[in-house]
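**Q** Numbering-wise (this note's numbering), the sequence shown opens with residue 142 and increments by one.
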Amino acid sequence: MIDTSLSDWLATPQGQYLLVREQAFFDHAVADIFGFNAVQLGLPQHEFLRSSRMPLRTVAGDESGVNLRLLPQELALETDSLDLLLLPHVLEFNDDPHQILREAERVLRPEGELIISGFNPRSLWGMRRALGGREGYPWRGQFIALTRLKDWLALLGFEVTGGHFACYAPPFASTQWLERFHFMEPSGDRWWAVWGGVYFLQAKKRVPGMRLIKPRWNEGLVSKLLPVAPKLNRDVTQQIQEDD
């Protein structure tokens, strides 16, 4: 379960450094995903769905400030009801990340989108956790390797469609030192992209055996709707039926 202390940590210079990049990614990612229902799980203080065009957007979770109170591993939502689900640092702070992903697969519609952010254990941030102790946030979390997360998603029928890394500077506690190492951001994207302190993964729920059912065109109806050039209409109708 995401503890409110994670939100407290995001207010620190270290957390703000991460949050700026995290907000930018979500703003870009959700803007071009279409549908009706979108849910952000956890961290209600931060509007990661603010750029979404979906009419129904809500924040759910087991903490104060959410619109819908529920457990991440027991989503009180209908099966196949969501078009988009965000999991911002949910998996590494829960005892059963597998169950959360199973619930995500259940509540998403076929072709629904799942976006996950997580701390990368194979980075300077992961090294800080391994060598500097695991007290406090975010170090107390169970950082999940990206390869392992991809395997979990594949077993559930998700197809990974995109990803991104960020936060290449060492996890300094002060704003001054983080700014001094700002040069590592563009360099990291170019030269050591997989070593970013945080990763983002975008996946789509696939349902085997599904196929789109095309409509059968009514030649008479098409001719009535396009009476100006009947011969052209017949040719167009014939071509449509051949393509179908």
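C-beta: ideal position from N, C-alpha, C; glycine also. No experiment lies behind these values; they were computed from the predicted model shown.
What would DSSP say about Leu353, mapped onto helix, strand or coil?
**A** Residue numbering aside, residue 353 sits at position 212 when the sequence shown is read from its first letter. Annotation note: pLDDT 49 at Leu353 (below 50); position unreliable, coordinate value reported separately. Coil at Leu353, not helix or strand.
**Q** Return yes when the Cβ of Ile174 is within less than 9 Å of the Cβ of Asp224, no when it is not.
**A** On the sequence shown, position 83 is the one that residue 224 refers to. On the sequence shown, position 33 is the one that residue 174 refers to. The answer is yes: Cβ separation under 9 Å.
**Q** Check whether the stretch 163-178 touches the stretch 207-224, counting contact only when three or more Cβ pairs, one atom from each stretch, lie closer than 8 Å.
**A** With a cut-off of 8 Å, the stretch 207-224 and the stretch 163-178 count as touching, because enough Cβ pairs lie within range.
**Q** Under 6 Å Cβ to Cβ from Phe306, same chain only, skipping five residues before and after it: list those, please.
**A** On the sequence shown, residue 306 is found 165 positions in, with the first residue counted as 1. So the qualifying residues of the chain are Ala334, Gly337 and Tyr340.
**Q** At the level of alpha carbons, what is the spacing between Pro251 and Glu244?
**A** For the purposes of this step, residue 251 is taken as the residue at position 110 of the sequence shown. For the purposes of this step, residue 244 is taken as the residue at position 103 of the sequence shown. Going from the Cα of Pro251 to the Cα of Glu244 covers about 14 Å.
**Q** Quick check: the Cα distance between Gly273 and Leu228, rounded to an integer number of angstroms?
**A** Locating residue 273 in the sequence shown gives position 132, where the first residue counts as 1. Locating residue 228 in the sequence shown gives position 87, where the first residue counts as 1. In a straight line, the C-alpha of Gly273 is about 26 Å away from that of Leu228.
**Q** Taking the beta carbon of Arg289 as the centre, do at least 16 other beta carbons fall within 10 Å, making it buried, or is it exposed?
**A** Here residue 289 corresponds to residue number 148 of the sequence shown, with the count starting at 1. By the neighbour-count rule (16 or more Cβ atoms within 10 Å), Arg289 is not buried but exposed.
**Q** Between the Cα of Phe234 and those of Gly298, Gly259 and Val171, spot the shortest distance and give me the residue it belongs to.
**A** By 1-based counting over the sequence shown, the position of residue 234 is 93. For Phe234, the nearest C-alpha among the options comes from Gly259.
**Q** With Arg250 as the anchor, note down where its beta strand (DSSP E) starts and where it stops.
**A** Counting from one through the sequence shown, the residue named residue 250 turns up at place 109. Note, Arg250: beta strand (DSSP E), Leu249 to Phe260.
**Q** Taking the C-alpha atoms as reference points, what is the distance between Tyr158 and Arg321?
**A** Along the sequence shown, read from residue 1 onward, the residue named residue 158 stands at position 17. Along the sequence shown, read from residue 1 onward, the residue named residue 321 stands at position 180. The alpha-carbon atoms of Tyr158 and Arg321 are separated by roughly 12 Å.
**Q** Among the residues of its own chain, which have a CB less than 7 Å from the CB of Gly156, if the five just before and after it don't count?
**A** Position 15 of the sequence shown, counted from the start, is the residue given in the question as residue 156. Trp150.
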